[in-house]
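Peer 1: Going left to right, the sequence shown walks through residues -4 to 601 as my numbering numbers them.
Note that the Cβ used here is the ideal one computed from N, Cα and C, for glycine as well.
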Amino acid sequence: MFIGQAASPGYVIAKTKLIVRQKVVVSQYKISREGTANQIDFFRKGIMQVKREISNLRDVTLQTVSKKDSEIFDSHLMILQDPLLIDGVISLIRDERWNAGYAFHLKMQSLIENFENSEGILKERAQDLKDIYNRTLLCLNSSESDFALQEEIEEAAVLAGFSIGPNMLMNFEKGKVLGLAIDSGSVTSHVSILARSMQIPAVMGLGNLSESVKSNDLLILDGTNGIVIINPDENDINKYKKQIEVFQNQKLELFTMRDLEPITMDGKYIRLNANIERYEEASEITSFGASGVGLYRSEFLYFGRNALPTRKEQAEAYGKVVNQLDPLPVTIRTLDAGGDKMLSLVSAEVESNPFMGWRSIRLCLDRKDIFREQMKALIEAGSRGNLKIMFPMISSIGELEKAKEIYEECCAELKAEGHSITKIELGAMIEIPSAVIIIEEIAKRVDFLSIGTNDLIQFTLAVDRSNGKIASLYEPHHPAVLRSIKSVVEAAHKEGISVSVCGEMAADPLSTLLLVGLGVDELSMSSWCIMECKKIIRSVNYDEARAISTEVLGFSDASSINSFLKKKYSQKIKSLGISSFITAQDFSSRDRALIKIDDEIQRIGS
Ligand code: PEP
Ligand code: MG
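1. Roughly how many angstroms lie between the CA atoms of residue 92 and residue 350, to the nearest whole one?
2. Give me the Cα-Cα distance between residue 119 and residue 95, rounded to the nearest whole angstrom.
3. Exposed or buried, residue 577, counting other C-beta atoms within 10 Å across all chains shown (16 or more means buried)?
4. To the nearest angstrom, report how far apart residue 477 and residue 427 are at their CA atoms.
5. Measure the C-alpha to C-alpha separation of residue 36 and residue 467 and round it to an integer number of angstroms.
6. Ignore the nearest five residues each way along the sequence and tell me which others in residue 380's own chain have a CB closer than 6 Å to its CB.
7. Under 8 Å: do the stretch 446 to 463 and the stretch 396 to 415 share three or more Cβ pairs, one atom per stretch?
8. Taking the alpha carbon of residue 167 as the point to measure from, which residue in -4, 147, 183 and 199 has its own alpha carbon closest?
9. Taking 7 Å as the limit between beta carbons, can you name the residues of its chain near residue 575, skipping five residues before and five after?
10. Please state the DSSP three-state secondary structure of residue 384.
11. Spatial neighbours of residue 139 within its chain, please: C-beta separation below 7 Å, excluding the five flanking residues on both sides.
12. Among the residues of its own chain, which have a CB less than 6 Å from the CB of residue 181, if the five just before and after it don't count?
13. Does DSSP classify residue 261 as helix, strand or coil?
14. Rounded to whole angstroms, how far is the Cβ of residue 98 from the Cβ of residue 110, which I believe are closer than 8 Å?
15. By how many angstroms is the C-alpha of residue 370 removed from the C-alpha of residue 482?
16. Measuring CB to CB, does residue 9 end up less than 8 Å from residue 153?
17. Determine the burial state of residue 545: buried for a count of at least 16 other Cβ atoms within 10 Å of its Cβ, exposed for fewer.
18. How big is the Cα-Cα spacing for residue 125 and residue 102?
19. Decide if residue 78 is buried, meaning its Cβ has at least 16 other Cβ atoms within 10 Å, or exposed.
20. Does any residue of chain C have a CB that is nearer than 8 Å to the CB of residue 368?
21. Please state the DSSP three-state secondary structure of residue 88.
22. Which residue spans inside the stretch 491 to 564 form an unbroken alpha helix (DSSP H) run of at least 4?
23. Give a yes or no on whether the C-beta atoms belonging to residue 501 and residue 518 are separated by under 8 Å.
24. CA-CA distance, residue 539 and residue 470?
25. Whole angstroms is fine: what's the gap from residue 305's alpha carbon to residue 360's?
26. Going by DSSP, name the residue or residues bridged to residue 41.
27. Over the uninterrupted beta strand (DSSP E) stretch that includes residue 198, give me the two end residues.
28. Looking at residue 498 and ligand 3, is the gap between the Cβ and the nearest heavy atom below 7 Å?
29. Beta carbon of residue 96: closer than 7 Å to some heavy atom of ligand 2?
30. Return yes when the Cβ of residue 293 is within less than 8 Å of the Cβ of residue 253, no when it is not.
31. Which residues have a Cβ closer than 5 Å to any heavy atom of ligand 2, listed in chain order?
32. What's the C-alpha gap between residue 530 and residue 257?
33. Report back the beta-carbon spacing between residue 197 and residue 187 to the nearest angstrom; my notes put them in contact at under 8 Å.
Shown next, in the form of structure tokens:
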């Protein structure tokens, strides 16, 4: 049994298909003098990653096979520490200016040749070098397109593997993917967000699960508690069969919330919007009780295709959503590619720090051709309903002004072409600490603000949101995050504009109440979470929530904030029966997890 992060709720018992790395083609190019430090850093990080993978393999082999078999991996680790290899590659990067992958290829080829031409033990070691060569090159050339299914997926299955990106997941035929069991990633990785929106149960950050599972193994995947059991026994299968039934009933029960208003007991209305990734989702959001779309991640329209979507295609897709939901508001975010949403049609370059790299609004302001096509499509769609546009990753007034200027220019050009233009509200996403610091200036220049807490937490705390290893440091209730949110709310209200939270935090029960108490006007989340969120909002008093949040702002560390919030709210949340859809639980052992499931079955049964 493996324990990972509960990334998308639900339970599956099904056969698995493995996602594997494809054979790599070594890319070869010269780099600039300024680029050498970056490539050396990239090479060192790649070696570290491979060492981690090999150490994991050694540990698994030691536990499950024998000490003798595990020793081969010790010798692999020694090779990866050999200065002859490491310094040799670094000097090829620095002196010859080869990219890291090619420099490594050159050095390893000469070492392998030397070993093969020797006698005895050295000759035998050539195979070890080849293994290391393959593993490391895969890492130095890694991008989403390097992963593929080991064999065709005929029947629906759970996918297991080291990594999967949103692009790959979107390419599967509907219904073929029953679940995801992935070694890397975390709850706020975009593939997890997509899995939630597609209602595919997922467990991320499973470490080395993919080394222990084979295609066609039977898996139990518990996305609610973050558990994967490989080739389970009858007992586990029966427990989980019951749990699947319980889960289906809970889902049905929730629909009683659909038409109720999201208002607190003392009458404060909190708008609950849906986050969507695919335009087909729009037709479903009202059946989950949403009052509009708070975040449409438009980049998903660009994925899984051979060419960028044309303006006409985009205008049709956006227009359809806007028109379908009119008069409800639909907030479409302009292209936010990059980070863990690589758009190979625009850039195939592997960056050493992609989340802080050439992405999002930066990419759009450099590639104005792409940005203007999208902007015109959005403006055209605006005439079909209540559309708002928001710009992601704003870090300065300059970026915001440039984006707004492009909007104005596109409006003028469309007008000249004879289109009728309706005024569209423009907003900024606040997800970078610099934007929080200059929030008063930003608030003066926009019609609304939306806080992207997924990125804001990552950048405020310097914790990579998709790195499962440091997930415990990714703390939404860190005082720095909460005080940032508070100052954004104050700046927005001072200018008389609304503020929303559209990061995953909005749908975590304790955070929901905290955000309501901090004065946030709207929350936007996966459609499935809206009904439970309504339940929570309807159970509290706004004045009380405000008092609790104000008190929390005086705390200096996240752990005391968490204990305080639990003390104040846990009982209430428990009594509402909130459990399955929006809470992620931490389990350190199989037994605790299964006991929790037994309890749940008993609770529903009685
Ligand atoms: C966020 O950063 O909180 C957000 C909503 O945007 P994304 O998750 O797509 O980066
Ligand atoms: Mg973001």
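Peer 2: Answer, in terms of the structure:
1. As a first step, residue 92 must be located in the sequence shown, where it is residue number 97. As a first step, residue 350 must be located in the sequence shown, where it is residue number 355. The straight-line gap from Cα to Cα measures roughly 25 Å.
2. Taking the first residue of the sequence shown as position 1, residue 119 is located at position 124. Taking the first residue of the sequence shown as position 1, residue 95 is located at position 100. Cα to Cα, residue 119 sits roughly 27 Å from residue 95.
3. Residue 577 sits at position 582 when you count from the first residue of the sequence shown. A caution first: residue 577 carries a pLDDT of 45, below 50, which makes its placement in the model unreliable, though a value can still be read off. Label assigned to residue 577: buried.
4. Here residue 477 refers to the residue found at position 482 of the sequence shown. Here residue 427 refers to the residue found at position 432 of the sequence shown. Near 14 Å, if we compare the C-alpha coordinates of residue 427 and residue 477.
5. Within the sequence shown, numbered from 1, the residue matching residue 36 stands at position 41. Within the sequence shown, numbered from 1, the residue matching residue 467 stands at position 472. Taking the straight line from one Cα to the other gives about 25 Å.
6. Indexing the sequence shown from 1 puts residue 380 at position 385. Cβ neighbours of residue 380 beyond the five flanking positions: 317, 318 and 321.
7. Judged by pairs of C-beta atoms under 8 Å, the stretch 446 to 463 does not touch the stretch 396 to 415, as fewer than three such pairs exist.
8. Position 172 of the sequence shown holds residue 167. Of the listed residues, the one whose Cα sits closest to residue 167 is 147.
9. Locating residue 575 in the sequence shown gives position 580, counting from the first residue. For residue 575, the pLDDT reaches just 46, beneath the cut-off of 50, and the residue's location in the model is therefore unreliable, although a value from the coordinates is still provided. Result list for residue 575: 4, 219, 242 and 245, in chain order.
10. Translated into the one-based positions of the sequence shown, residue 384 becomes position 389. DSSP places residue 384 in strand when its eight states are reduced to three.
11. Position 144 of the sequence shown holds residue 139. Low per-residue confidence applies at residue 139: pLDDT is 46, beneath 50, and the placement is therefore not dependable enough to give any value.
12. Here residue 181 refers to the residue found at position 186 of the sequence shown. Cβ within range, chain order: 0, 199, 200, 461, 463 and 466.
13. Sequence index remark: in the sequence shown, residue 261 carries index 266 (1-based). Looking at residue 261 - three-state DSSP - the assignment turns out to be coil, as it is neither helix nor strand.
14. Residue 98 sits at position 103 when you count from the first residue of the sequence shown. Residue 110 sits at position 115 when you count from the first residue of the sequence shown. Actually they do not touch by this definition, with Cβ atoms about 19 Å apart.
15. On the sequence shown, residue 482 is found 487 positions in, with the first residue counted as 1. On the sequence shown, residue 370 is found 375 positions in, with the first residue counted as 1. Cα to Cα, residue 482 sits roughly 30 Å from residue 370.
16. Working through the sequence shown from its first residue, we reach residue 9 at position 14. Working through the sequence shown from its first residue, we reach residue 153 at position 158. For residue 9 and residue 153, yes; Cβs fall inside 8 Å.
17. Here residue 545 refers to the residue found at position 550 when the sequence shown is read from its first residue. Answer is exposed; the Cβ neighbour count stays below 16.
18. Start at 1 with the first residue of the sequence shown, and residue 125 comes out as number 130. Start at 1 with the first residue of the sequence shown, and residue 102 comes out as number 107. It is roughly 12 Å from the alpha-carbon of residue 125 to the alpha-carbon of residue 102.
19. Locating residue 78 in the sequence shown gives position 83, where the first residue counts as 1. Flag for residue 78 reads exposed.
20. Note that chain C does not occur in the displayed structure, where there is just one protein chain.
21. Taking the sequence shown and counting its residues from 1, the one referred to as residue 88 is at position 93. Helix, per DSSP.
22. For the stretch 491 to 564, the full-length alpha helix (DSSP H) segments reaching 4 residues or more read 504 to 513, 522 to 533 and 537 to 547 along the chain.
23. Within the sequence shown, the letter at position 506 stands for residue 501. Within the sequence shown, the letter at position 523 stands for residue 518. Result yes, Cβ atoms of residue 501 and residue 518 sit closer than 8 Å.
24. The residue you call residue 539 lines up with position 544 of the sequence shown. The residue you call residue 470 lines up with position 475 of the sequence shown. Cα-Cα distance, rounded: 24 Å.
25. For the purposes of this step, residue 305 is identified with residue 310 of the sequence shown, where counting begins at 1. For the purposes of this step, residue 360 is identified with residue 365 of the sequence shown, where counting begins at 1. A straight-line Cα-Cα distance of about 18 Å links residue 305 and residue 360.
26. One-based indexing of the sequence shown puts residue 41 at position 46. DSSP, once it has assigned bridges, lists no residue as partnering residue 41.
27. Here residue 198 is taken as the residue at index 203 of the sequence shown, counted from 1. Per DSSP, residue 198 belongs to the beta strand (DSSP E) from 197 to 199.
28. Annotation note on ligand 3: not contained in the displayed structure, which lists ligand 1 and ligand 2 as its ligands.
29. Counting from one through the sequence shown, the residue named residue 96 turns up at place 101. False, no ligand heavy atom lies under 7 Å from that Cβ.
30. Translated into the one-based positions of the sequence shown, residue 253 becomes position 258. Translated into the one-based positions of the sequence shown, residue 293 becomes position 298. No, these two residues do not count as a Cβ contact at 8 Å.
31. Every residue passing the under-5 Å Cβ criterion appears here: 426, 447 and 450.
32. Along the sequence shown, read from residue 1 onward, the residue named residue 530 stands at position 535. Along the sequence shown, read from residue 1 onward, the residue named residue 257 stands at position 262. Using only the alpha carbons, I get a separation of about 8 Å.
33. Numbered from 1 along the sequence shown, position 202 holds the residue referred to as residue 197. Numbered from 1 along the sequence shown, position 192 holds the residue referred to as residue 187. Between the beta-carbon of residue 197 and that of residue 187 there is about 6 Å, and that keeps the pair under the 8 Å contact cut.
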